[in-house]
Amino acid sequence: MNPALQGILTIVIGVGACVGYFYFANQILDKVIFPARGPNTGRNINRANMIRPWLFIFPAFFALGLYLAYPVVETLRLSFLDRDAGNAFVGFENYAQLTREAKFWEAMRNNMLWLVVVPALSTALGLLVAQLTDRISWGSIAKSLIFMPMAISFVGAGVIWKLVYEIRPDEVAQIGILNAILVGIGAEPQNWLTIPFWNNFFLMIVLIWIQTGFAMVILSAALRGIPEETVEAAIVDGANPFQIFFKIKVPQIMPTIVVVWTTITLTVLKVFDIVFTMTNGQWETQVLANYMYDKLFRAGDWGVGSAAAIVLMLLVSPILVWNVYNARKEMR
Amino acid sequence: MTEEADRGTIVAGSQGFFRGLFKGKERVQEGIAGQKSGLMWAVHLSVAFLVILWVLPTFGLLVSSFRTADQISSSGWWGALFPSEVNEVYRALDPDEFREAADGGFVVMGQLFDEGSTREVVTWGTSSRAIAAFTPGEVADLGDGETITLSADGAYEWRGNDDQISGRGQRMFVTAAAPPEFTFDNYRTVLFTEGSGGGMAKAFFNTLTVAIPATIIPILIAAFAAYALAWMEFPGRALLVAAVVGLLVVPLQLALIPLLKLHLGIGIGKGYLGVWLAHTGFGLPLAIYLLRNYMVGLPKDIIENARVDGATDFQIFVKIILPLSFPALAAFSIFQFLWTWNDLLVALVFLIDASGETTVMTKQIVELLGTRGGNWEILATAGFVSMIVPLAVFFMMQRYLVRGLLAGSVK
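These protein sequences, in sequence, are chains G and U.
The first sequence begins at 1 in our numbering and counts up by one.
The second sequence begins at 1001 in our numbering and counts up by one.
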């Protein structure tokens, strides 16, 4: 069957099944199981209303359980098994092997670098842009353009930046803008993506380029939410623009800055496409997610790959706990 | 600041942001040095600098996608607006085949440039050590009466005796000026040529086939659950909300192997159905979270009045909640569409099999980077083909995207 046709059919079946499920489940509940008539009308209505919420949430939580909760448990289980030895239980052997691999430690080191640099620079640049564009007439256009990379895929961004970093042999014209500038000022062109250690930063620039727009949008909204009286009071007291920004505005939007920071941190921990597209972990640019992909799908080593996935999960879990804690506080 | 107040800040702030972003009514500045023109100039200049820095890489790729391979390799994309000079080596036509008798000797006449070319010879030479020895129209003496002349339009005449005009064609080292020239050829190649470098049209439709069902299906499922979590009382509700918030941050990398095993085990295998299901599962936490947050904020009176009037929960949901939640539904749709359109990992694992029939654009581009890494005309064009739809969605639906970001910035 033509995939497009199959797609339309899936939409129809999927949407039809959803609507059908919710409609008929309600009908059956109200008309058949607990009919709102006869001697027990009142009790039946109450019972139906006790069950209804579960009808409403069942499909969603079934899918969540199957597609997110179960895999966490299953991955944990797989991380203790050796696939080659017929899925024999090997305890922490996979984790031990992980710690013996230089590539893993390289990935950990790089992930930590990413974790420090990308959220910090994205948030700082986002805040800077948010503050600056707030004050000029064409600020909305500027914001729109800086926000634009959000729509571009990591792979597309990889291509865009590969052209920026492109190097040509000495005798022909440089077509990568960075090397063209270097040659223009009389320096030697560099093969940016193969300089060990520093190439990590050239990859990070791509993610910073994408995430700054996100930080800017959220922080811009927060800046505009600051009560004007506080700023006016500071002006009356003779504060200069920098003091107003750092001592009045930034402290007031601190909670939002933290949210932005953690959100970008999550993205960074899972970064895969950029490295996969631009260097594929060569020249010491490996990161955890790509290392894991290598192990799972290139080496076929599910044990070590799953162990790496669990490490990723452990790195994410402080943020998970913090978010859940905040959500519960908010519910109360 | 309490959490509640923080949320209030974001919501109140978002309205201000919309005013600024979409109606162009800038808030009157608080007068913080707003009148100090020197500082304002600095602000204008630094914003302009940042915007240029942000747009330049993308713009470079866009320009490159309209240039020929020759142009790209002879000059940077910033040179595209000016005539570029290219150095090339040509050889005259094979004398044994094309020579004609003339003036007691022989002559080979020909044209170096393709028909319709607007190139012009700037300088030329007959030796690699002196490639700029002659100007167009000048006659080069090759010794013993053998001569060759090249005119600006690329026409040449190579004269000499029987012995000289034989063997291989005379080499010419030409520096030509190519006027700025833009072409749609790359798009034709990338979209419609099968095999290496092409096939983006197929990948485009495959991507569309992945993205649309994967956007629509989660919405309904999530909307019902979000309504229940927002407006229905039942034990364990708070716990379920917390679970959704927790699942928001679970890296989908953990799900790859277990779910692939599951899909292979129950016979779905690798294919569209698998990738739709996977995207649905992975998109649900954000969908439920966004929609619940939005629905909680809907006015209580409307819902309670409807209840008093005897409406069932199902009716309330379909007739009141869904229409009122349109902005949140739109916001999530945009997120999910951009995410599924731009995704590489999920497609690699759950969709693309060895046949390559179901390849998506992101995968196709990665493939091109491997096989045609130096062919920037192909790469740039393929990149842009994959970006057209997300960019269009982005610029048309920006306000919903912003609203969604502000509501769901936990993910």
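Beta carbons: idealized from backbone N, C-alpha and C, even for Gly.
Does the stretch 42-62 of chain G come close enough to the stretch 1216-1228 of chain U to have 3 or more Cβ pairs within less than 8 angstroms?
yes
Q1253(U): contacting residues in chain G (beta-carbon distance under 7 angstroms):
In the second sequence, residue 1253(U) corresponds to position 253, counting from 1. Chain G residues near Q1253(U): K270, A289, M292, A309, L312.
Inter-residue Cα distance where the pair is L5(G) and P1213(U):
Here residue 5(G) corresponds to residue number 5 of the first sequence, with the count starting at 1. Here residue 1213(U) corresponds to residue number 213 of the second sequence, with the count starting at 1. Cα-Cα distance, rounded: 11 angstroms.
Taking contact to mean 3 or more Cβ pairs, one atom from each stretch, closer than 8 angstroms, check whether the stretch 17-30 of chain G and the stretch 1304-1319 of chain U are in contact.
Touching, per the Cβ criterion.
Any beta carbon from chain U within less than 9 angstroms of L106(G)'s own beta carbon?
On the first sequence, position 106 is the one that residue 106(G) refers to. The identity of residue 106(G) in the sequence shown is Glu, whereas the question assumes Leu. The beta carbon of E106(G) does not come within 9 angstroms of any beta carbon belonging to chain U, so the residue lies off that interface.
Is there a Cβ from chain U that is less than 9 angstroms from the Cβ of V90(G)?
Locating residue 90(G) in the first sequence gives position 90, counting from the first residue. Not one chain U Cβ lies under 9 angstroms of V90(G).
Just checking: is the beta-carbon of Q1398(U) within a distance shorter than 9 angstroms of some beta-carbon in chain G?
Counted from its first residue, the second sequence places residue 1398(U) at position 398. It does; some Cβ of chain G falls within 9 angstroms.
Straight-line CA distance for V1108(U) to G1154(U)?
Locating residue 1108(U) in the second sequence gives position 108, where the first residue counts as 1. Locating residue 1154(U) in the second sequence gives position 154, where the first residue counts as 1. In a straight line, the C-alpha of V1108(U) is about 14 angstroms away from that of G1154(U).
Classify N1087(U) as helix, strand or coil using the three-state DSSP reduction.
In the second sequence, residue 1087(U) corresponds to position 87, counting from 1. Correct three-state label for N1087(U): strand.
What three-state label does DSSP hand W283(G) in the structure shown?
The sequence position of residue 283(G) within the first sequence is 283, counting from 1. Of the three classes helix, strand and coil, the one that applies to W283(G) here is coil, per DSSP.
Using C-beta distances below 8 angstroms, list every residue in its chain close to V1241(U), excluding the 5 sequence neighbours before and after it, in chain order.
Residue 1241(U) sits at position 241 when you count from the first residue of the second sequence. L1229, R1292, listed in sequence order.
In its own chain, which residues sit with a C-beta less than 7 angstroms from the C-beta of H1279(U), not counting the 5 before and 5 after it?
Locating residue 1279(U) in the second sequence gives position 279, counting from the first residue. Excluding five sequence positions before and after H1279(U), the CB atoms of its chain that fall closer than 7 angstroms to its own CB belong to A1214, T1340, V1346, given in chain order.
Partner residues on chain G for T1280(U), Cβ-Cβ distance less than 9 angstroms
For this step, residue 1280(U) is matched to residue 280 along the second sequence. Within chain G, the residues near T1280(U) are G14, A63, Y67.
Measure the beta-carbon distance from L76(G) to G1246(U) and round it to whole angstroms, keeping in mind my assumption that it falls under 8 angstroms.
Translated into positions along the first sequence, residue 76(G) becomes position 76. Translated into positions along the second sequence, residue 1246(U) becomes position 246. About 16 angstroms; that fails the 8 angstroms criterion.
Going by DSSP in three states, Q190(G) sits in which element: helix, strand or coil?
Along the first sequence, one-based indexing puts residue 190(G) at 190. Q190(G) falls in the coil class under three-state DSSP.
Which of the three DSSP states, helix, strand or coil, is assigned to Q1170(U)?
In the second sequence, residue 1170(U) corresponds to position 170, counting from 1. In this structure, DSSP gives Q1170(U) a state outside helix and strand, which the three-state scheme calls coil.
Using beta-carbon positions only, say whether L121(G) and T212(G) come within less than 9 angstroms of one another.
By 1-based counting over the first sequence, the position of residue 121(G) is 121. By 1-based counting over the first sequence, the position of residue 212(G) is 212. Taking 9 angstroms as the Cβ cut-off, L121(G) and T212(G) qualify as a contacting pair.
Can a CB atom of chain U be found closer than 9 angstroms to the CB of V19(G)?
Here residue 19(G) is taken as the residue at index 19 of the first sequence, counted from 1. V19(G) counts as touching chain U.
Taking a Cβ distance cut-off of 9 angstroms, strictly less, list which residues of the stretch 1336-1349 of chain U are near chain G, in chain order.
L1338, W1341, N1342, D1343, L1344, L1345, L1348, V1349
Backbone CA spacing between L312(G) and A289(G) [nearest angstrom]:
Counted from its first residue, the first sequence places residue 312(G) at position 312. Counted from its first residue, the first sequence places residue 289(G) at position 289. Taking the straight line from one Cα to the other gives about 8 angstroms.
Check whether chain G comes within 9 angstroms of I1303(U), counting only Cβ atoms and requiring the distance to be less than that.
As a first step, residue 1303(U) must be located in the second sequence, where it is residue number 303. Cβ-Cβ to chain G under 9 angstroms: no for I1303(U).
Counting only C-beta atoms, is D30(G) closer than 9 angstroms to chain U at any point?
Working through the first sequence from its first residue, we reach residue 30(G) at position 30. Closer than 9 angstroms to some Cβ of chain U, the Cβ of D30(G) qualifies, so yes.
With Y293(G) and G1281(U) assumed to form a contact (beta carbons below 8 angstroms), what rounded beta-carbon distance in angstroms separates them?
Taking the first sequence and counting its residues from 1, the one referred to as residue 293(G) is at position 293. Taking the second sequence and counting its residues from 1, the one referred to as residue 1281(U) is at position 281. Rounded, the Cβ-Cβ distance is 19 angstroms, inconsistent with contact.
Whose C-alpha, out of S153(G), Q286(G), D82(G), is nearest the C-alpha of L269(G)?
Start at 1 with the first residue of the first sequence, and residue 269(G) comes out as number 269. In terms of Cα proximity to L269(G), the closest of S153(G), Q286(G), D82(G) is Q286(G).
Rounded to a whole number of angstroms, what is the C-alpha to C-alpha distance between V1011(U) and L1406(U)?
Sequence index remark: in the second sequence, residue 1011(U) carries index 11 (1-based). Sequence index remark: in the second sequence, residue 1406(U) carries index 406 (1-based). At V1011(U), the pLDDT of 38 sits below 50, so the modelled position is not reliable and the matter cannot be decided from this model.
Rounding to the nearest angstrom, what Cα-Cα distance links K103(G) and Y291(G) in this structure?
In the first sequence, residue 103(G) corresponds to position 103, counting from 1. In the first sequence, residue 291(G) corresponds to position 291, counting from 1. Distance from the CA atom of K103(G) to the CA atom of Y291(G), rounded to whole angstroms, is 8 angstroms.
On the DSSP bridge assignment, give the partners of Y1156(U) in chain order.
Locating residue 1156(U) in the second sequence gives position 156, where the first residue counts as 1. Its beta-bridge partners are G1110(U), L1150(U).
Since I believe F154(G) is in contact with M361(G) (beta carbons under 8 angstroms), could you give me their beta-carbon distance rounded to a whole number of angstroms?
Lying outside 1 to 332, the shown extent of chain G, residue 361(G) is not represented and no answer is given.
E232(G): first and last residue of the uninterrupted alpha helix (DSSP H) it sits in
For this step, residue 232(G) is matched to residue 232 along the first sequence. Unbroken alpha helix (DSSP H) run through E232(G): 228-236.
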